[in-house]
Amino acid sequence: MGRGAQAQTRQLTDQQLSSINSLNQQFLGQQQQVGNLLLPQFQSILNNPGLSPADQAAVTSRSQGALSSAFDSLQRSAQNRVARTNNSAGFADLTDELARQKGIAEAGQAQQNQLAFSNTAFQRQMAALQGLSGLFGVDSNLLGRTLGIPAELLNVRNNASRNNGGFFSSLGAGLGSTLGALPGALF
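Under this note's numbering, the first residue of the sequence shown is numbered 3, with each subsequent residue one higher.
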């Protein structure tokens, strides 16, 4: 290859390198903009992962209200039977059994609500960690350990939530790779 051809090749290579550097600067600027937008949101989710007290109260009220409605309906049905047959035999026992079953059901529902609140908080926290790891290119296990969450727990909980297929598990799984779609999902 002659000197002219080498100079032309070098000039093309320099132009391509300049073009690539320019694109890289644009990508870096866009990445920084996305990071500046998402970083406070992820930190907010990480610091406040659970449902608000008002949301928890609403969930608890609705679930307990549904249980009360079902048992009140059974109680009215028993009262109607007594009125229709004019025979109150067994009514007191039935009322006592309904009260016991209602108490058991309410306790079970309260326990399920608390577990759901805890799982929601944990899944949101893991989603925020995965989002931060996507922004900074850091392993979410490392971020979890800095918060005092053992890596074994992260893996077990992440695997369990992936089998669940719920909204927050799919959100957490896609945060690192779909940063552009996240603001629409959160708002």
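Cβ coordinates follow ideal geometry from the N, Cα and C atoms, glycine included. Since this is a predicted model, take the numbers as computed values, not measurements.
Quiz item: Looking at C-alpha atoms only, which residue of Gln-58, Asp-95, Glu-99 is the closest neighbour of Gln-111?
Solution: Gln-58
Quiz item: Helix or strand or just coil, what does DSSP make of Asn-50?
Solution: coil
Exercise. Check whether the Cβ atoms of Leu-100 and Phe-73 sit closer than 8 Å, and answer yes or no.
Key: yes
Quiz item: CA-CA distance, Phe-93 and Ala-80?
Solution: 7 Å
Quiz item: Are the Cβ atoms of Ala-107 and Leu-69 separated by less than 8 Å?
Solution: yes
Quiz item: Hey, would you say Ala-130 sits closer than 8 Å to Leu-53, going by beta carbons?
Solution: no
Quiz prompt | Length of the line joining the Cα atoms of Gln-210 and Gln-32 | solution = Since the first and last residues shown for the chain are 3 and 189, residue 210 lies out of range.
Quiz item: Near Gly-67, what residues of its chain come up, given a Cβ to Cβ distance below 7 Å and the 5 sequence neighbours on each side ignored?
Solution: none
Self-check item: Supposed close pair Ala-123, Pro-55 - CB separation, criterion 8 Å
Solution: Not confirmed; about 12 Å, so no contact.
Quiz item: Taking the alpha-carbon positions, what's the Leu-134 to Ser-65 distance?
Solution: 34 Å
Quiz item: Is Ser-65 helix, strand or coil when you go by DSSP?
Solution: helix
Quiz prompt | Alpha-carbon to alpha-carbon, Ser-63 and Gln-45 | solution = 30 Å
Quiz prompt | Nearest-angstrom Cα separation, counted from Asn-121 out to Gln-43 | solution = 20 Å
Self-check item: Range of the contiguous alpha helix (DSSP H) that encloses Asn-121
Solution: 93-138
Quiz item: Under the three-state reduction of DSSP, which class applies to Ser-90: helix, strand or coil?
Solution: coil
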